[in-house]
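Remarks on the structure that follows.
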Amino acid sequence: MSTNNPRPTKAQRNASAREKAAQLRVTEEAAKKRKSLIVKLGVLAAVILVIALVVTLIVRNNNGKVADAGSTPQGATAAGGIVVTSSDTVAKKTTEEVKIDELKQPETAPETPEPRDLTVAKKGDPINITMYVDANCVHCADFEATYGDQIDDWLASGDVNIEYRNVGYLDGGSPTNYSSRGANALACVADVSPTAYMKFVKALWGHYPEGEMKNSELAQMAIDNGADESVKDCIDSDKFRPFVKYATTAGQYDGVKGTPSIFIQGKEFVLGTDDFPTEVNAAIKANK
367 MSTNNPRPTK AQRNASAREK AAQLRVTEEA AKKRKSLIVK LGVLAAVILV
417 IALVVTLIVR NNNGKVADAG STPQGATAAG GIVVTSSDTV AKKTTEEVKI
467 DELKQPETAP ETPEPRDLTV AKKGDPINIT MYVDANCVHC ADFEATYGDQ
517 IDDWLASGDV NIEYRNVGYL DGGSPTNYSS RGANALACVA DVSPTAYMKF
567 VKALWGHYPE GEMKNSELAQ MAIDNGADES VKDCIDSDKF RPFVKYATTA
617 GQYDGVKGTP SIFIQGKEFV LGTDDFPTEV NAAIKANK
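Under this note's numbering, the letters of the sequence shown match residues 367 to 654, in that order.
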């Protein structure tokens, strides 16, 4: 049995042609829109990249304008550290001004860290722990979270003095030089309200997972943790950025390559290999 398929009429052929033409127009218009969107997104990405580069250049240029000499905060050492002698006390500073041009750069960088002016406590005195730390350092934040309370206990019992050498090693990875700004804020708190220093230390690194802060946010955090309102002016003016720059340069000259880098009674503590409380307690016992 055969089936007859009648030939489409002229009207049907015209309708089919119009339908195909309409579908083709829709397809072409969709392709044009996709192409236009891709072009727009490409232009937007390029603009964002240019803006980011400009911001980075501006920030780096501003960072380069930080003076090579400046005043020091309370607790300051000639190596650019801040010495804490109890949970709410910093030591009397031992230098009034720092000058980068007085630092001597070695011809070749030391193969192992050789930090200057490491203090080794005399028999019967609190032992000295020196720590190179960076406000934007995840390992420093982890170290503080793990051992911060223990450090407070040692300070409270008078067993240790802690010298914080707050450096700006990680500025290159921040569009706002957060490492140096954080270090400046720490120096400001030490100078304006030394009783709040250790609380601010905890708060600063405790905030690490939430990202960088503006100067106004750093100031508010300092005030929330006991600092005087005048700390705002100190932080906003970058008062101790030369001090931070000095500490950073000195650490680099001395072969301290990363943070945290820790020294107990002048000897390097190997993070990840030795147990920090065990090593500190042994040093405390040996110095009694």
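Yeah, the Cβ is synthetic: ideal placement off N, Cα and C, and Gly gets one too.
Problem - CB-CB length for Ile630 against Ala649, believed under 8 angstroms - result: The distance from the Cβ of Ile630 to that of Ala649 is about 5 angstroms, consistent with a contact at the 8 angstroms cut-off.
Handout entry: As assigned by DSSP and simplified to three states, the class of Asn591
Key = Of the three classes helix, strand and coil, the one that applies to Asn591 here is coil, per DSSP.
Exercise for the section: Return helix, strand or coil for Thr451, following the three-state DSSP convention. Expected result: strand
Exercise for the section: Determine the burial state of Leu390: buried for a count of at least 16 other Cβ atoms within 10 Å of its Cβ, exposed for fewer. Expected result: exposed
Handout entry: Same chain, Cβ closer than 6 angstroms to Val526, five either side skipped, listed in chain order
Key = Pro492, Ile493, Ile495 and Trp520
Practice task
Quick one: grab the DSSP three-state call for Phe566.
Solution key: helix
Practice task
Within the same chain, show all residues whose beta-carbon is closer than 6 angstroms to that of Val610, passing over the 5 residues directly before and after it, in chain order.
Solution key: Result list for Val610: Gly534, Ser546, Ala549 and Asn550, in chain order.
Problem - Reference Lys633, options Gly624, His573, Pro479 and Tyr530, closest by Cα - result: Pro479
Handout entry: 8 angstroms CB neighbourhood of Ile424 in its chain, flanking five on each side removed
Key = Note on Ile424: pLDDT 45, under 50, position unreliable in the model; the coordinate value appears next. Once the five neighbours on either side are set aside, Ile424 has no close Cβ partner at all.
Exercise for the section: Determine the direct distance from the alpha carbon of Glu394 to that of Ser382, and round the result to whole angstroms. Expected result: 18 angstroms
Practice task
Take Thr455 as the anchor and find which of Glu473, Phe566 and Thr512 has the nearest alpha-carbon.
Solution key: Phe566
Problem - Endpoints, the beta strand (DSSP E) within which Ala553 is located - result: Premise fails: Ala553 lies in the alpha helix (DSSP H), Tyr544 to Val558, not in any beta strand (DSSP E).
Exercise for the section: Tell me where the alpha helix (DSSP H) around Tyr612 begins and ends. Expected result: Run containing Tyr612: Arg607 to Tyr619, per the alpha helix (DSSP H) assignment.
Practice task
Give a yes or no on contact between the region 564 to 578 and the region 498 to 517, applying the rule of three or more CB pairs nearer than 8 angstroms.
Solution key: yes
Exercise for the section: Leaving aside the five residues before and after Thr461 along the sequence, list all residues of the same chain whose C-beta is less than 8 angstroms from its C-beta, in chain order. Expected result: Thr438, Ala442, Thr443 and Ala444
Problem - Whole-angstrom distance between Asp537 and Val328, CA atom to CA atom - result: Absent from the structure is residue 328, since the part of the chain shown begins at 367 and ends at 654.
Problem - Distance between Met497 and Phe635 (C-alpha atoms, nearest Å) - result: 10 angstroms
Handout entry: Arg400 to Ala388 span [Cα, whole Å]
Key = Arg400 and Ala388: Cα-Cα distance of roughly 18 angstroms.
Exercise for the section: Per DSSP, which residues does Gly436 bridge with? Please list them. Expected result: Val464.
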